[in-house]
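S.K.: Would you mind keeping the following structure in view while I ask a few things?
Residue numbers (the numbering used here), protein chains in the order written: chain A, 204 to 324; chain B, 770 to 1185.
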């Protein structure tokens, strides 16, 4: 089953230290290499910060466009992985390895099974 | 059908349904199908047994019939699928083993262990864990669980449906966790079992008979856990702890439904058999020299159980045990109990100081037992007006009728 791992981090104004930045990159590289080696990596991308986000909503046929993310929360969606795992326990093990920190504050990973549609089979 | 037969079937359900359903889930890969098959099999038992008499092995009979039902469902499902042209979404039916008929030992203990871990998986919320554990492993019916938790049946059914859907959709595994994950997962299982126990034990509202059932059920589940993983001393400690607490059940509440404190309990009402079993189990656990929170709590309960009269209680030893417990689980409530043990075992003033030091953080300010404990020591010190104020404060913080009556009695006794 494919699981999407949604990475939520705090967006901070101040720049990260070079060392913290390096550690996070290293962490992602390790997870991606390992997942690739096992042939379970289906996708992984980082996102630009929510300051670059635009939300589109269609209401009664009218398109409304607003600046910013869908929801203003403490932690924002920062990137994702899609991994093919045997079951939730395996997915949770992978999720625990994904770096989520940002400028010293910890984030979290939401693990969501991807719905199996006839097209994806 | 005779009343006897109905009782027999009920007791088979209570005792064996956890085992049976665990095996059926392994075969079918689905909680719902397993439950349906088992219900159908019990329904067949009602009619068949009244005609043909009781089989030699009722649980084996139910299991065999339920497995045949599973084969029937699989056949029915295949036919339905063949007729259907296109399915938009895959129906979450697990892969069916092609040879359902092969001899598989249905009653292997591993199945129940797998089921315990699935039901108590941390990806399910605590309420769902409790409901699912009682429903599938505990042999309690949905109405019984609903009554015990003072919930409506639809609410509880909803909870179960959601939990089972999550197991299916997120693919929560039906297996014993690997060695790395095992300690944390076992802790989660023990927590759920103890939660069930306390719900039954400390309950003062609701249908008391059904609630009693929760405590016995928790003890039964802890027995299963202890049986399946006997070399984990915390499993043994949990079973011992619950047996020792439960042994006092009769003495805790008097005929008028009033709460009776440990000090005032009629110790002849304590169940000796449960106490000796609890003490034996605790000794077994402690012999492994891997003390944990449940063993320490059981050791404290054991010191109370061993005391023939309240004056014989070894409060100094209890204070030490609370100190060790606090090292493992630093919480204000444990510190409070430690203070009470000092008051009882060393001297009242030291205990009062200890308790008031904990009170300074303000963390326990809205906790009624903090004020009740403080009041109790002040009463023993004969500082009546301060005791009065503290009891009043405690009274303002609890809505529980039995606890309120107890505090009122204490307040009234100060005047005499």
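By construction, the Cβ of each residue, glycine as well, lies at the ideal position given by its N, Cα and C atoms.
Round the Cβ separation of residue 224 of chain A and residue 942 of chain B to the nearest angstrom and send it over; I've been treating them as touching at under 8 Å.
M.R.: Their Cβ separation, rounded to whole angstroms, is 36 Å, which puts residue 224 of chain A and residue 942 of chain B out of contact at 8 Å.
S.K.: Hey, how far is the Cα of residue 222 of chain A from the Cα of residue 248 of chain A?
M.R.: 22 Å
S.K.: Step through the CB atoms of chain B and report whether any lies within less than 8 Å of the CB of residue 252 of chain A.
M.R.: no
S.K.: Can you give me the start and stop residues for the alpha helix (DSSP H) that residue 804 of chain B sits inside?
M.R.: 800 to 821
S.K.: Indicate whether at least one CB of chain A lies closer than 8 Å to the CB of residue 940 of chain B.
M.R.: yes
S.K.: Where do the ends of the beta strand (DSSP E) carrying residue 316 of chain A lie?
M.R.: 311 to 316
S.K.: Would you decide whether residue 820 of chain B is buried or exposed? Buried here means 16 or more other CB atoms lie within 10 Å of its CB.
M.R.: exposed
S.K.: Check whether the Cβ of residue 249 of chain A lies closer than 8 Å to any Cβ atom in chain B.
M.R.: So no, residue 249 of chain A is outside the interface.
S.K.: Which one of B/987, B/950, B/958 and B/951 has the shortest CA to CA distance from residue 967 of chain B?
M.R.: Comparing Cα positions, the closest option is B/987.
S.K.: Within the stretch 221 to 277 of chain A, note down every full alpha helix (DSSP H) run reaching 4 residues or more, in order along the chain.
M.R.: DSSP runs (the alpha helix (DSSP H)) wholly in the stretch 221 to 277 of chain A: 221 to 240.
S.K.: Report the option in A/288, A/313, A/318 and A/269 whose CA atom is closest to the CA atom of residue 281 of chain A.
M.R.: The shortest C-alpha separation from residue 281 of chain A is found at A/313.
S.K.: Counting Cβ pairs, one atom from each stretch, are 3 or more of them under 8 Å apart for the stretch 920 to 929 of chain B and the stretch 990 to 1007 of chain B?
M.R.: Too few Cβ pairs lie closer than 8 Å, so no.
S.K.: Have a look at B/1013, B/1080 and B/1018 and flag the residue whose alpha-carbon is nearest the alpha-carbon of residue 1069 of chain B.
M.R.: B/1013
S.K.: State the Cα-Cα distance for the pair residue 780 of chain B and residue 827 of chain B, rounded to the nearest angstrom.
M.R.: 10 Å
S.K.: One question on the structure: do residue 211 of chain A and residue 310 of chain A come within less than 8 Å of each other, judged by their Cβ atoms?
M.R.: yes
S.K.: Assuming residue 211 of chain A is part of the beta strand (DSSP E), what are its boundary residues?
M.R.: That run of the beta strand (DSSP E) goes 205 to 213.
S.K.: Who are residue 286 of chain A's beta bridge partners in DSSP?
M.R.: Beta-bridge pairing by DSSP links residue 286 of chain A to A/206 and A/244.
S.K.: Who are the neighbours of residue 291 of chain A on chain B, taking C-beta pairs under 7 Å?
M.R.: 892, 939, 940, 941 and 942
S.K.: Quick test of your reading: residue 955 of chain B and residue 1009 of chain B, contact by CB under 8 Å. State the CB separation rounded to the nearest angstrom.
M.R.: About 16 Å separates the beta carbons of residue 955 of chain B and residue 1009 of chain B, which is beyond the 8 Å limit, so they are not a contact pair.
S.K.: Work out the CA separation of residue 287 of chain A and residue 235 of chain A for me, nearest whole Å.
M.R.: 13 Å
S.K.: Determine, using beta carbons only, whether residue 204 of chain A comes closer than 8 Å to chain B.
M.R.: yes
S.K.: Can you pull the chain B residues whose beta carbon is under 7 Å from the beta carbon of residue 316 of chain A, in chain order?
M.R.: 938, 939 and 940
S.K.: Cβ closer than 8 Å: which chain A residues qualify as neighbours of residue 946 of chain B?
M.R.: The contacting residues are 292.
S.K.: By DSSP, does residue 857 of chain B sit in helix, in strand, or in coil?
M.R.: Reliability fails at residue 857 of chain B, whose pLDDT of 40 lies under 50, so the model's placement of it is uncertain and the value that follows must be treated cautiously. In the structure shown, residue 857 of chain B sits in coil (DSSP, three-state: anything other than H, G, I, E or B).
S.K.: Relative to chain A, which residues along the stretch 1020 to 1041 of chain B have a C-beta separation below 7 Å, given in chain order?
M.R.: Listed by position, the residues of the stretch 1020 to 1041 of chain B near chain A (Cβ gap below 7 Å) amount to none.
S.K.: Do you know whose CA, among B/1055, B/1030 and B/1089, lies nearest residue 1079 of chain B's CA?
M.R.: B/1030
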